[in-house]
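J.:
4 protein chains.
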Amino acid sequence: MDVNNPKESKRDLIMDAAIQVFSRKGYHHSKMEEIAVEAGIGKGTIYEYFPGKLQLLQEIMEQSYRLYDHSLGSIMAGGTLEDKLDAMIRGHLQFCQDNKDLTRILFLDTGVIDEELRQWAWKKKAEKEQYLQEMFAQATRRGEIKPVDNRLLTIVMGGILMSFWAPIVMGNLQVDAGTAAQQIKNMIMHGISNTKGSD
Amino acid sequence: MDVNNPKESKRDLIMDAAIQVFSRKGYHHSKMEEIAVEAGIGKGTIYEYFPGKLQLLQEIMEQSYRLYDHSLGSIMAGGTLEDKLDAMIRGHLQFCQDNKDLTRILFLDTGVIDEELRQWAWKKKAEKEQYLQEMFAQATRRGEIKPVDNRLLTIVMGGILMSFWAPIVMGNLQVDAGTAAQQIKNMIMHGISNTKGSD
Amino acid sequence: MDVNNPKESKRDLIMDAAIQVFSRKGYHHSKMEEIAVEAGIGKGTIYEYFPGKLQLLQEIMEQSYRLYDHSLGSIMAGGTLEDKLDAMIRGHLQFCQDNKDLTRILFLDTGVIDEELRQWAWKKKAEKEQYLQEMFAQATRRGEIKPVDNRLLTIVMGGILMSFWAPIVMGNLQVDAGTAAQQIKNMIMHGISNTKGSD
Amino acid sequence: MDVNNPKESKRDLIMDAAIQVFSRKGYHHSKMEEIAVEAGIGKGTIYEYFPGKLQLLQEIMEQSYRLYDHSLGSIMAGGTLEDKLDAMIRGHLQFCQDNKDLTRILFLDTGVIDEELRQWAWKKKAEKEQYLQEMFAQATRRGEIKPVDNRLLTIVMGGILMSFWAPIVMGNLQVDAGTAAQQIKNMIMHGISNTKGSD
DNA sequence: TATGAATGAGACTTCATTCAT
DNA sequence: TATGAATGAAGTCTCATTCAT
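Chains as they are written, first to last, in this note's numbering: chain W, -11 to 187; chain S, -11 to 187; chain A, -11 to 187; chain B, -11 to 187.
#1: Mind pulling the chain S residues with CB within less than 7 angstroms of Val136 (chain W)?
#2: Tell me, please, which residues DSSP counts as bridged to Ser181 (chain W).
#3: For Leu141 (chain W), which residues from the same chain have a beta carbon less than 6 angstroms from its beta carbon, with the 5 sequence-adjacent residues on both sides left out?
#4: Answer yes or no: does any C-beta atom of chain S fall closer than 8 angstroms to that of Ala109 (chain W)?
#5: Would you mind telling me which residues of chain A sit closer than 7 angstroms to Ser151 (chain B), beta carbon to beta carbon, in chain order?
#6: So is Glu36 (chain S) in contact with chain W if we call contact Cβ pairs under 8 angstroms?
#7: Rounded to whole angstroms, what's the CA-CA distance from Asp195 (chain A) to Leu45 (chain A)? Just pull it up for me.
#8: I'd like the span of the alpha helix (DSSP H) that includes Val144 (chain B), first residue to last.
#9: So what's Ser62 (chain B) in DSSP terms, helix, strand or just coil?
#10: Using a 10 Å radius around the Cβ and a threshold of 16 neighbouring Cβ atoms, would you call Gly179 (chain B) buried or exposed?
#11: Below 8 angstroms on C-beta distance, what does Ile132 (chain S) contact in chain W?
#12: Take every Cβ of the region 154 to 171 of chain B, pair it with every Cβ of the region 68 to 88 of chain B, and state whether three or more of those distances are shorter than 8 angstroms.
#13: In the structure shown, what three-state DSSP assignment does Asp102 (chain A) receive?
#14: Classify Lys72 (chain B): buried if its beta carbon has 16 or more other beta carbons within 10 angstroms, exposed otherwise.
#15: Apply the 10 Å Cβ neighbour rule to Glu36 (chain A) and answer buried if 16 or more other Cβ atoms are within range, or exposed otherwise.
#16: When the Cα atoms are used, what is the spatial distance from Ser59 (chain B) to Gln162 (chain B)?
#17: Provide the residue span of the alpha helix (DSSP H) that contains Thr68 (chain B), from first to last.
#18: Taking a cut of 7 angstroms between CB atoms, which residues from the region 37 to 62 of chain S lie near chain W?
#19: Whole angstroms is fine: what's the gap from Asp0 (chain B)'s alpha carbon to Ile48 (chain B)'s?
#20: Flag this pair as yes or no: are the beta carbons of Ser181 (chain S) and Met177 (chain W) separated by less than 8 angstroms?
#21: Residues of chain S with CB closer than 7 angstroms to the CB of Leu140 (chain W), please, in chain order.
#22: CA-CA distance, Ile148 (chain B) and Ser62 (chain A)?
#23: So, with DSSP's three-state summary, where would you put Ile48 (chain A)?
#24: Can you find at least 3 beta carbon pairs, one from the region 5 to 22 of chain W and one from the region 88 to 105 of chain W, that sit closer than 8 angstroms?
#25: Could you pull out every residue in the same chain whose Cβ sits closer than 7 angstroms to the Cβ of Pro246 (chain W), ignoring the five residues on either side in sequence?
#26: Can you check which of these residues, A:Val157, A:Glu50, A:Tyr119 and A:Gly28, is closest to Leu105 (chain A) by C-alpha distance?
#27: Less than 7 angstroms between C-beta atoms, sequence neighbours within five positions excluded: which residues of the same chain meet that for Ala27 (chain B)?
#28: Tell me which residues of the region 100 to 127 of chain A have at least one Cβ-Cβ distance to chain B shorter than 7 angstroms, keeping chain order.
#29: Any C-beta of chain W within less than 8 angstroms: which residues of the region 63 to 83 of chain S qualify?
#30: Near Leu120 (chain S), which residues of its chain fall below 6 angstroms by C-beta distance, leaving aside the five closest residues on each side in sequence?
#31: I'd like to know whether the C-beta of Leu224 (chain B) is nearer than 8 angstroms to at least one C-beta of chain A.
#32: Kindly indicate if chain S contains any beta-carbon less than 8 angstroms away from that of Gly14 (chain W).
#33: What are the boundary residues of the alpha helix (DSSP H) that Val163 (chain B) is part of?
#34: Could you tell me how far apart the beta carbons of Ile156 (chain B) and Asp89 (chain B) are, in whole angstroms, since I believe they sit closer than 8 angstroms?
#35: By DSSP, does Asn87 (chain A) sit in helix, in strand, or in coil?
#36: For Asp187 (chain W), would you say it is in contact with chain S, using Cβ-to-Cβ distances shorter than 8 angstroms as the test?
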């Protein structure tokens, strides 16, 4: 089936090789030559499938985001905020664990490559925040959470998710996604203080 | 009178210019020529004060971390965990607001430049996590917080701090550090759930 | 047909161009750009075949020495000292006349470029002196020459050979290698004094 | 006396420092900065006494040649060819031994620096050869030597002298100038062959 | 006169991209 | 379609020389 579409498979071959190399060295230290070698093809062939190095990265990033969105989207469909948070965190951890190379590229190189790419990443981030914000707003309306500053809460939530990629990808952290997600969700929902209530 | 120490001031002039340019373009897109122009000096002069481009960045990073540590260290001395968290968050927000260019460099370029620099940044991060972990351990012993997974809590806390640099530096977020810090601290301590029960 | 081995021929093309330029200007005044122009190729192409400027010179030197050794080695095989001297001098003169550019590089730039290269040249020189010394020692044992200080004799012999490259290469001296070699050999063997007595 | 003429002494100070550095590193690897440090003065001061780096070398070379000429000239005044040769060789060896730094500069860097300097060195060499040629011609007329090719003889003689600088300066050869000179002179006059006579 | 901070032309080298085969 | 040899723009760094003090 994959062999039926050799062009697409060669394209994927290149993308996979690029993911390896970008992840290993970072975008600016990756050479087209090295990607070609990793893919087992000639340097010029890459340009048959991608306009250039930057577009190759863009393509990888876009595909990664699609994969990420798909992974999370299917998981966190309905339910209470607590269920959604749990699913979201679990999905995020699972994605990071399952796609270390993609994750490294996605969170390491995004900001420093190119203005256009920065804009794009910024837009993606804004979309995600938009989604979070609505999720929290809905939960607020439903009375599931206290009336906190939604803007701050969104940033905090995003930060919590972001904070896990490095420990996971760099190999320091090995957790069971389900267990960790539940713990983290509980921290967010109920805090860490021993004294119930206050403020 | 301003130039009591002309050598030091020239060095600082270069560093300031480099901070501008690195922050604006990112390390890899910054040219020594451009830094020189920004500083209003000749290209060669930079090399009288710094061995090379990479060392110039390193110097900036180290100075930034010293400044950051000093800013936070003086603030969050004693008190309960709640006081410390409040001070830490407030200091962090304030630093990001007061040193946008530095912040952008510190959190954007760190990972992708150079192996040595990556090691250094990694060490700094580990130190900070070590500090957080001890802070939480102490609070646990004192009974200030529930017995949660310290490793996860540390990562979460780090992520929350990290999450604010981008909104602040990119200009989207304008908050009063004191107010925001208190709100964020409360989220961490008491959670966002409306139901007072725990898991 | 001429290009049976295009890769090797391109390499040679570059080396030939480099020999021209190095010979004309000396190593330190030769620019990679100029070598590329001389070869009729782009600047970057040189780096496809040689790691850098210094290694390009090294390669030329090594090839030159191989050529030189081969030229002399085949000529001066056996026979009496007188025959050997004659062959050696003739071969040396012929080499200088046939390879003026190489000769200029070999004897002009060797000492001043680079420590490693200096070591290499020194080793080559020592090898040649070793060879001369054995040749003279053998002749002494055979009673072909008087018992003179072998160390001094070797240096003298080396100097005599060396002395001819400049006049030949700079274009002042045009001699028939065979005739000149015989004359020089006779000077060495029998001296220039008219009085047949010795000291 | 030296102190009475501070300008001249400072000039000499610089030249001495330059001789040290040029000899140690070779012209192209010597930096004006290093020469200044060696002289214990400021970099700019060199330019008060010399127009530039090249002219500093030229000055050193010219002074060296004057010293060399003076050393030899006073020694080899009159007498037979044999006496002259003996004095010339002895003087040459002595000069090389007494002025290793100068010698290294004189014989190592001459050819590769600059077209003007090359011309100058060439002229000097031609003058010396002119002198040798006349010396030999005179000896021929007096019947002191056989009628050999004067041109070749001159080159040979020059080569013999030249051949000794490297062994002496590089530290391998330690000889008594008088003894060695006599031995070398005898080789030249009477050859090394054991069979007296032939053409 | 002496200085040394400042300069910028110039050289090497890299590597994304092209294009003839 | 696939290739990889060839390219040259671009960037870092050096160091002889200048000049204000």
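For glycine and all other residues, C-beta sits at the position ideal for the given N, C-alpha and C.
T.: So, from the data block:
#1: Taking the first residue of the first sequence as position 1, residue 136 (chain W) is located at position 148. When 7 angstroms is used as the limit between beta carbons, Val136 (chain W) is near these residues of chain S: Gln171, Met175 and Ile180, in chain order.
#2: Stepping through the first sequence from its first residue, residue 181 (chain W) is reached at position 193. Note: Ser181 (chain W) sits in a beta bridge opposite S:Ile133.
#3: The residue given as residue 141 (chain W) occupies position 153 in the first sequence. So the qualifying residues of the chain are Phe124.
#4: Taking the first residue of the first sequence as 1, we reach residue 109 (chain W) at position 121. So no, Ala109 (chain W) is outside the interface.
#5: Locating residue 151 (chain B) in the fourth sequence gives position 163, where the first residue counts as 1. Chain-ordered, the chain A residues with CB closer than 7 angstroms to the CB of Ser151 (chain B) read Ile143, Val144, Gly146, Gly147 and Met150.
#6: By 1-based counting over the second sequence, the position of residue 36 (chain S) is 48. So, not an interface residue.
#7: Examination of residue 195 (chain A) is not possible in this model, given that chain A is present from -11 through 187 alone.
#8: Counting from one through the fourth sequence, the residue named residue 144 (chain B) turns up at place 156. First-last of the alpha helix (DSSP H) with Val144 (chain B): Asn138 to Met150.
#9: As a first step, residue 62 (chain B) is located in the fourth sequence; it is residue number 74 there, counting from the start. In the three-state reduction of the DSSP assignment, Ser62 (chain B) falls in the helix class, which pools H, G and I.
#10: As a first step, residue 179 (chain B) is located in the fourth sequence; it is residue number 191 there, counting from the start. By the 10 Å Cβ count, Gly179 (chain B) comes out buried.
#11: Working through the second sequence from its first residue, we reach residue 132 (chain S) at position 144. According to the sequence as given, residue 132 (chain S) is Glu; it is not Ile. The answer, in chain order, is Ser181 and Asn182.
#12: Yes, the region 154 to 171 of chain B touches the region 68 to 88 of chain B.
#13: Position 114 of the third sequence holds residue 102 (chain A). Here Asp102 (chain A) carries a coil assignment [DSSP, helix/strand/coil].
#14: Within the fourth sequence, numbered from 1, the residue matching residue 72 (chain B) stands at position 84. Lys72 (chain B) comes out buried.
#15: Here the question's residue 36 (chain A) lines up with position 48 in the third sequence. When all chains shown are included, Glu36 (chain A) counts as exposed.
#16: The residue given as residue 59 (chain B) occupies position 71 in the fourth sequence. The residue given as residue 162 (chain B) occupies position 174 in the fourth sequence. Distance from the CA of Ser59 (chain B) to the CA of Gln162 (chain B), rounded to the nearest whole angstrom, comes to 20 angstroms.
#17: Translated into the one-based positions of the fourth sequence, residue 68 (chain B) becomes position 80. Premise fails: Thr68 (chain B) is in no alpha helix (DSSP H) and is neither H nor E.
#18: For chain W, none of the residues of the region 37 to 62 of chain S brings a beta carbon within less than 7 angstroms of one of its beta carbons.
#19: Counting from one through the fourth sequence, the residue named residue 0 (chain B) turns up at place 12. Counting from one through the fourth sequence, the residue named residue 48 (chain B) turns up at place 60. Each residue's Cα considered, the two are about 10 angstroms apart.
#20: Reading the second sequence from its first residue, position 193 is the one you call residue 181 (chain S). Reading the first sequence from its first residue, position 189 is the one you call residue 177 (chain W). Yes; because the gap between Cβ atoms is below 8 angstroms, this pair is in contact.
#21: Numbered from 1 along the first sequence, position 152 holds the residue referred to as residue 140 (chain W). Around Leu140 (chain W), the beta-carbon contacts reaching into chain S at under 7 angstroms are Ala168, Gln171 and Ile172.
#22: As a working note, residue 148 (chain B) is residue 160 in the fourth sequence. As a working note, residue 62 (chain A) is residue 74 in the third sequence. Going from the Cα of Ile148 (chain B) to the Cα of Ser62 (chain A) covers about 26 angstroms.
#23: What you label residue 48 (chain A) is simply residue 60 of the third sequence in a count that begins at 1. Reduced to three states, the DSSP call for Ile48 (chain A) is helix.
#24: The region 5 to 22 of chain W is in contact with the region 88 to 105 of chain W.
#25: With chain W running from -11 to 187 in the structure shown, residue 246 (chain W) is simply not present.
#26: As a working mapping, residue 105 (chain A) is identified with position 117 in the third sequence. Leu105 (chain A) has its Cα closest to that of A:Glu50, out of A:Val157, A:Glu50, A:Tyr119 and A:Gly28.
#27: What you label residue 27 (chain B) is simply residue 39 of the fourth sequence in a count that begins at 1. Excluding its 5 nearest sequence neighbours in each direction, Ala27 (chain B) has C-beta neighbours in its own chain below 7 angstroms: Leu1, Ile2 and Ala5, listed in chain order.
#28: Cβ contacts with chain B come from Val100.
#29: Within the region 63 to 83 of chain S, the residues whose Cβ lies closer than 8 angstroms to any Cβ of chain W are, in chain order, Glu70.
#30: One-based indexing of the second sequence puts residue 120 (chain S) at position 132. These residues qualify, in order along the chain: Thr142 and Met145.
#31: Given that chain B is displayed from residue -11 to residue 187, the structure contains no residue 224 (chain B) and the question cannot be resolved.
#32: For the purposes of this step, residue 14 (chain W) is taken as residue 26 along the first sequence, with counting starting at 1. Interface residue (Cβ-Cβ distance to chain S less than 8 angstroms): Gly14 (chain W) is classified as such.
#33: Walking along the fourth sequence from the start, residue 163 (chain B) turns up at place 175. Segment: none, Val163 (chain B) is in no alpha helix (DSSP H) and carries neither H nor E.
#34: Working through the fourth sequence from its first residue, we reach residue 156 (chain B) at position 168. Working through the fourth sequence from its first residue, we reach residue 89 (chain B) at position 101. Contact doesn't hold; Cβ gap of about 12 angstroms is too wide.
#35: By 1-based counting over the third sequence, the position of residue 87 (chain A) is 99. The DSSP-derived three-state label of Asn87 (chain A) is coil.
#36: The residue given as residue 187 (chain W) occupies position 199 in the first sequence. The pLDDT assigned to Asp187 (chain W) is 45, lower than 50, so where the model puts this residue is not dependable; a value taken from the coordinates is nonetheless given after this. Taking 8 angstroms as the threshold, the shortest C-beta distance from Asp187 (chain W) to chain S falls below it.
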